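S.K.: Right, I'll just put the structure down here and ask away after.
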């Protein structure tokens, strides 16, 4: 019987039999189907489970489904339920299977002893003990109880860099542990990418995050993308631009290069890199002088009518300087910028005195990155400014603004930016025609705006324009800060940043903030939600030090180490060069490629006692001691380098649970799909166990310096593999009341110690004891806002300041642009989004005399985090380099500043040194040695410093080599050949790149001269599968005055055909260039 | 019509009212050149990475379709206008810079009314066309290539013996033999996924919906509408490619909306199924054989008489 069946099956499987007996007479369809084809199944259908996750690359935050079979990830695809990505992924997202399961990942701990020539293997436990030993020892040896006579209680011997690629929970533990150890030098990619966003948007509107979310771009009538290569760097987010375009919106791309974003735009406007303030200032001038502003909106929601102090002097009066500048210290006394009759800081009596002290004695505190505090709350000012609703008073903000920008004419724009007048006016036309009651325009930007010595002011310029046009807080309007790491928004919110505590509470400064009351008095506002700063701070201290934090001991406020100036990522490197900073953690960041002046980054590391690198693969920052460019050039010898190096393999997003905060400010939870293999561990595991071991070591200590670490709340549930519960950490971040119940909103926080909350702006993410960030209600079951998908800060509001979407009376400006409105019958705000306003506060509410805090805001004060409730056209406080954006040339530029005799931002931070030389001033001897403008950028196919893409074959083959983009005209001028090699030289270094000659790079006419620009994608380094020189070898360390972001988007260089010299000849080439240009330590250093 | 008069007809539904013919509509007017399709395809089908090769052809470093590249994004930089797009990087014609580089330009292309001249950057994701009349399938001697119930053309890796007949047969140069393996490989339109009700990996990933998957009839309708919209918007160069059932391959299962002549994208302007003449050749050969036979017969019988 069985045999008969077998024969029968055998006959039936014969294609000819099937051809004769079946329908497929041709024998080329069903009859030809092979056993393999018959048994074919999608491997996703064989998965045991599907785990919800989030893409680990950029900050669009695409949903991913992870398919797992037998504890192996077998496929990763887009999650169609996601309202953000709708199931789509870019090439990087599509390559995450190879990224996470491919052979390029390391799974063992490696150790390089001092002066060692190669790696050794080390077991994980020993390595952890060794690192803990070094932390304890270095901390002890470098402990500063006092600095300059002030109590600081800190160590400058240890630093940590990285966090934007990690989960919020991981950032939280890094910041918590480091702070308790007294480590203030904690930084991450947010410093070098978007810190200026926080200062720019924060001072303008009250919060430092994007004012809108990407899906809202579909409602826009005009989208201006400037300072961003949206389609390439955030491809899946770009679908919302395409959606708007399909609905008839105009898409404008302003960029030095014609990129893949430009290819899809209606209008591409080429601009000289580093001149966007001149361009935006030109539009501001056009809008004001042609009276194209939205007057009703302006009067209701901005500070246009506020009167400014009579001592204020503009750059118009002082030829490029605002009043209050000290030439010696290169800092502004911002005193005269204030509103008339209004203090900078509010509440307590001795504000002014304290303010004066700060100005007189402590330029360092103005250098301590304080403008980034505006990430979640506006600048503290007190009193009510005098207003002139006719906008005619000569000292009202509107008139000051009008005068300030009067000389930013279309002719100026053409001369400075190289943008022809007709094209400029076309942009003005599109913007103004698509703004107003019935139409809205939006701006999208990224690091093309942030990474300048005037970075924060670029963003301010766009903010001013959007306020004038009435586009903030309204559907299809706003400003989208496109962020580039999975959780770079999160690593600012829960900051692994030196100048901030969670929720943008500033790190206390040694000079004026020794007690909690002083700290609150300096920082808090009288009006608006920032007036509750004490409740936020005390709740944070309670969550870190629990029962030990009492009113009697200032809630352990003394356990926080103090700042004495800038301790930013670049200052850390300087401390390393000086030998002060001896131990360094790199947590998924690769500064040897990704930070400005990569060479200095490596030289700093070569001066360390110990270095801990946590990454997927051996990135350049882990191996510079054996194969870095300085080893090749002979400047360093491996055996001379005393740095101990520990390499710890990191777990991937598929191997750990936690939340990423995307560019929409949305916290999305991702579940662990599989455990990490070998020694790979999450950063949560690493930080938790490092803290545990250190606490064990110091348990018996009686040194008061060790009390903060002993008393730290550090008990998280562990699973059987020792992995701490990310869920428990998120719960701590959300906060609890005295009974241990989860809080649901930050307004429940108290300053009496009865509540604990790890990050007040995230309070609500665990409402009702439910992880709201894990919510996954499919987009198809929700409206376009999709408020039940994950959780968005603040309070699940998607479009910020949305009170401004209604007119002063609370009615939508137009039916087409309705978002939230006042429901008079129910006496509450209602609408499509969660109102970003007190729901019961009527539009006609006017604060009674003496009202405080949120009650002091009126029913039309839409910017509830601002201390005057207004959007700031003019920043009377909060920024260190001016109340209004002003065009200055970049540090390195071939052109003179046409607008003022001040060439560069006078308040910029310079770091002159043998390894960080600047280029000569334009039109001086030697200036023509570096005649071309250089700008750096990302490609779709790679990611940041390459750690997640250059090791991934599917991505590497798409962009296999480092290249430079030049115009045919420049190629002809310099004899470059297409596909050949070019050497690009600055005073810092020389690199080589393959040459792409393309029409997409256009020469511009600037000051009557031809300006050539060179494009350099900055992803490459010497390690990995796809290798090449790093663009950041060329850039210098010169920083913005507010948040210390570097200028890597506009510099100058020379370019010549051929490959660069090898060995010592490379250094020699740079030396000859410096000599020809006559560069000294004074070059480029003028105020 | 191809090799015989009763082909595996992709336009007819499978026996017993099987699934409708499925295919791709690739709308290149919304392609952002991100190459998600290339990677998603490779990840799903576990195709080997095929080398680091900087080609200098704009942003295209994959070069073209092959055994290890089943989706390929072409990048074309042209001195030509795209509808009403204004770019600001075009060159005035009077300042030509001849670098002796190969160019897709035709004489007069750079003559813009505007002083700045014109420029456009076209991107297009190419794929196997899954022809109605598929020569690869016609010539396959082993039955490795077959027509699926979705009307797509798939190579069966357990049957293919690497003879390579299909390679020259393809009028588009799509199918190719893998080095070191010898067998022929190409897009399967994710046959395995279709069986589980999933869409192909490339169209699922595509961030801007440039690659659309679906019932071919519906896709054709959608394409016609899109073409109309683009023409109205002044993009007069927009055209459909491969959607015509009367073309040389009787229409394709994967068709395109292009913004220029197909040659510009490296596509044959008038593809013809290479086996088109086989039936008539067989007829002639048969007739010749019969004639020969008749002659032999005539000679034979003639001698007997």
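Protein chains in written order, with the numbering used here: chain H, 84 to 1170; chain R, 13 to 317.
Glycine included, every Cβ here is placed at the ideal spot set by N, Cα and C.
Values in this document were obtained by computation on a predicted structure and should not be read as measured data.
Any beta carbon of chain R sitting closer than 8 Å to that of residue 511 of chain H?
M.R.: By 1-based counting over the first chain, the position of residue 511 of chain H is 428. No, its Cβ sits nowhere closer than 8 Å to a Cβ of chain R.
S.K.: Among residues of its own chain, excluding the 5 on either side of residue 890 of chain H, which ones have a beta-carbon nearer than 6 Å to its beta-carbon?
M.R.: What you label residue 890 of chain H is simply residue 807 of the first chain in a count that begins at 1. Same-chain partners within the cutoff: 896.
S.K.: So with CB distances below 9 Å, who are the chain R contacts of residue 487 of chain H?
M.R.: As a first step, residue 487 of chain H is located in the first chain; it is residue number 404 there, counting from the start. Residues of chain R passing the Cβ test: none, with the nearest at roughly 28 Å.
S.K.: I'd like the span of the alpha helix (DSSP H) that includes residue 500 of chain H, first residue to last.
M.R.: By 1-based counting over the first chain, the position of residue 500 of chain H is 417. Element bounds for residue 500 of chain H: 493-500.
S.K.: Please list the segments of the beta strand (DSSP E) lying wholly inside the region 899-962 of chain H, counting only runs of 3 or more residues, in order along the chain.
M.R.: 903-906, 911-914
S.K.: Spatial neighbours of residue 404 of chain H within its chain, please: C-beta separation below 7 Å, excluding the five flanking residues on both sides.
M.R.: Locating residue 404 of chain H in the first chain gives position 321, where the first residue counts as 1. If we look at residue 404 of chain H and ignore the five residues flanking it on each side, its Cβ neighbours are 398, 985, 989.
S.K.: DSSP three-state label for residue 213 of chain H, please.
M.R.: The residue labelled residue 213 of chain H in the question sits at position 130 within the first chain. DSSP places residue 213 of chain H in helix when its eight states are reduced to three.
S.K.: Which runs of the alpha helix (DSSP H), 4 residues or longer, sit entirely within the region 781-821 of chain H?
M.R.: 790-793, 809-817
S.K.: When burial is assigned at 16 or more other CB atoms within 10 Å of the CB, is residue 292 of chain R buried or exposed?
M.R.: Position 280 of the second chain, counting from 1, holds the residue named residue 292 of chain R. With fewer than 16 other Cβ atoms within 10 Å, it is exposed.
S.K.: With a threshold of 8 Å between beta carbons, is residue 1006 of chain H in contact with chain R?
M.R.: Here residue 1006 of chain H corresponds to residue number 923 of the first chain, with the count starting at 1. Not a single CB atom of chain R sits nearer than 8 Å to the CB of residue 1006 of chain H.
S.K.: Use the C-beta contact count for residue 248 of chain R: other C-beta atoms within 10 angstroms, 16 or more gives buried, fewer gives exposed.
M.R.: Reading the second chain from its first residue, position 236 is the one you call residue 248 of chain R. The residue in question, residue 248 of chain R, is exposed, as its Cβ has fewer than 16 Cβ neighbours within 10 Å.
S.K.: Which residue or residues does DSSP assign as beta-bridge partners of residue 1070 of chain H?
M.R.: Here the question's residue 1070 of chain H lines up with position 987 in the first chain. Beta-bridge analysis with DSSP links residue 1070 of chain H to no other residue.
S.K.: Can you tell me whether DSSP reads residue 1160 of chain H as helix, strand or coil?
M.R.: Here residue 1160 of chain H refers to the residue found at position 1077 when the first chain is read from its first residue. Looking at residue 1160 of chain H - three-state DSSP - the assignment turns out to be helix.
S.K.: Could you tell me whether the Cβ of residue 1184 of chain H comes closer than 8 Å to any Cβ of chain R?
M.R.: Past the edges of chain H, shown from 84 to 1170, lies residue 1184 of chain H, and the structure says nothing about it.
S.K.: Can you give the Cα-Cα distance for residue 135 of chain R and residue 326 of chain H, rounded to whole angstroms?
M.R.: As a working note, residue 135 of chain R is residue 123 in the second chain. As a working note, residue 326 of chain H is residue 243 in the first chain. If you draw a straight line from the Cα of residue 135 of chain R to the Cα of residue 326 of chain H, it is about 19 Å long.
S.K.: Can you check whether the CB of residue 142 of chain H is closer than 8 Å to the CB of residue 568 of chain H?
M.R.: The residue given as residue 568 of chain H occupies position 485 in the first chain. The residue given as residue 142 of chain H occupies position 59 in the first chain. Yes, these two residues count as a Cβ contact at 8 Å.
S.K.: Between the alpha carbons of residue 165 of chain R and residue 200 of chain R, how many angstroms are there, rounded?
M.R.: Start at 1 with the first residue of the second chain, and residue 165 of chain R comes out as number 153. Start at 1 with the first residue of the second chain, and residue 200 of chain R comes out as number 188. Cα to Cα, residue 165 of chain R sits roughly 7 Å from residue 200 of chain R.
S.K.: Enumerate, from N- to C-terminal direction, the unbroken beta strand (DSSP E) stretches of 3 or more residues contained entirely within the region 82-108 of chain R.
M.R.: 83-90
S.K.: Quick one: does residue 325 of chain H have its CB under 8 Å from some CB of chain R?
M.R.: Here the question's residue 325 of chain H lines up with position 242 in the first chain. So yes, residue 325 of chain H belongs to the interface.
S.K.: Give a yes or no on whether the C-beta atoms belonging to residue 957 of chain H and residue 948 of chain H are separated by under 8 Å.
M.R.: Translated into the one-based positions of the first chain, residue 957 of chain H becomes position 874. Translated into the one-based positions of the first chain, residue 948 of chain H becomes position 865. Taking 8 Å as the cut-off, the beta carbon of residue 957 of chain H is found no closer than this to the beta carbon of residue 948 of chain H.
S.K.: So is residue 237 of chain R in contact with chain H if we call contact Cβ pairs under 8 Å?
M.R.: Indexing the second chain from 1 puts residue 237 of chain R at position 225. The C-beta of residue 237 of chain R comes no closer than 8 Å to any C-beta of chain H.
S.K.: If you count every other CB in all the chains shown that lies within 10 Å of the CB of residue 173 of chain R, and 16 or more means buried, which is it?
M.R.: As a first step, residue 173 of chain R must be located in the second chain, where it is residue number 161. The residue is exposed, with fewer than 16 neighbouring Cβ atoms inside 10 Å.
S.K.: Could you run through the region 383-406 of chain H and flag, in chain order, every residue whose CB is less than 9 Å away from some CB of chain R?
M.R.: none
S.K.: Return the Cβ separation of residue 276 of chain R and residue 183 of chain R in integer angstroms, given the expectation that the two are a contact with Cβ distance under 8 Å.
M.R.: Along the second chain, one-based indexing puts residue 276 of chain R at 264. Along the second chain, one-based indexing puts residue 183 of chain R at 171. Not quite, the Cβ-Cβ distance comes to about 18 Å (not below 8 Å), so this is no contact.
S.K.: Within the 8 Å Cβ cut-off, does residue 1018 of chain H reach chain R?
M.R.: Residue mapping note: residue 1018 of chain H aligns to position 935 of the first chain, counting from 1. Not an interface residue.
S.K.: Mind checking the region 136-155 of chain H against chain R and listing, in chain order, the residues whose C-beta falls within less than 7 Å of any C-beta there?
M.R.: none
S.K.: Using beta carbons (cut-off 8 Å, strictly below), is residue 91 of chain R in contact with chain H?
M.R.: Locating residue 91 of chain R in the second chain gives position 79, counting from the first residue. Judged by the 8 Å Cβ criterion, residue 91 of chain R is in contact with chain H.
S.K.: Roughly how many whole angstroms lie between the Cα atoms of residue 153 of chain H and residue 131 of chain H?
M.R.: Start at 1 with the first residue of the first chain, and residue 153 of chain H comes out as number 70. Start at 1 with the first residue of the first chain, and residue 131 of chain H comes out as number 48. Between residue 153 of chain H and residue 131 of chain H, the C-alpha separation is close to 7 Å.
S.K.: Within 10 Å of its beta-carbon, does residue 228 of chain H have 16 or more other beta-carbons around it, so buried, or fewer, so exposed?
M.R.: By 1-based counting over the first chain, the position of residue 228 of chain H is 145. With fewer than 16 other Cβ atoms within 10 Å, it is exposed.
S.K.: According to the Cβ coordinates, are residue 629 of chain H and residue 796 of chain H closer than 8 Å?
M.R.: Indexing the first chain from 1 puts residue 629 of chain H at position 546. Indexing the first chain from 1 puts residue 796 of chain H at position 713. Yes, they are a contact pair.
S.K.: Identify the continuous beta strand (DSSP E) that holds residue 230 of chain H and give its terminal residues.
M.R.: Within the first chain, numbered from 1, the residue matching residue 230 of chain H stands at position 147. Annotation: the continuous beta strand (DSSP E) that includes residue 230 of chain H extends over 226-230.
S.K.: Measuring alpha carbon to alpha carbon, tell me which of H:1052, H:1069, H:1089, H:722 ends up nearest residue 1080 of chain H.
M.R.: Counted from its first residue, the first chain places residue 1080 of chain H at position 997. Per the Cα distances, H:1052.
S.K.: Would residue 177 of chain H and residue 1021 of chain H qualify as a contact pair, given that the criterion is a beta-carbon distance under 8 Å?
M.R.: What you label residue 177 of chain H is simply residue 94 of the first chain in a count that begins at 1. What you label residue 1021 of chain H is simply residue 938 of the first chain in a count that begins at 1. With contacts defined by Cβ atoms closer than 8 Å, residue 177 of chain H and residue 1021 of chain H do not form a contacting pair.
S.K.: Taking 8 Å as the cut-off, decide whether the C-beta atoms of residue 163 of chain R and residue 33 of chain R are in contact.
M.R.: Indexing the second chain from 1 puts residue 163 of chain R at position 151. Indexing the second chain from 1 puts residue 33 of chain R at position 21. Against a cut-off of 8 Å, the Cβ pair of residue 33 of chain R and residue 163 of chain R comes out as a contact.
S.K.: Does residue 433 of chain H come within less than 8 Å of chain R when only Cβ atoms are used?
M.R.: Sequence index remark: in the first chain, residue 433 of chain H carries index 350 (1-based). Model confidence at residue 433 of chain H stands at a pLDDT of 32, short of 50, so the residue's coordinates are unreliable; what they give is reported in the following sentence. It does not: the Cβ of residue 433 of chain H has no partner Cβ on chain R nearer than 8 Å.
S.K.: For the candidate residues R:31, R:37, R:30, whose alpha-carbon lies nearest to that of residue 238 of chain R?
M.R.: Taking the first residue of the second chain as 1, we reach residue 238 of chain R at position 226. Checking every option, the nearest Cα to that of residue 238 of chain R belongs to R:37.
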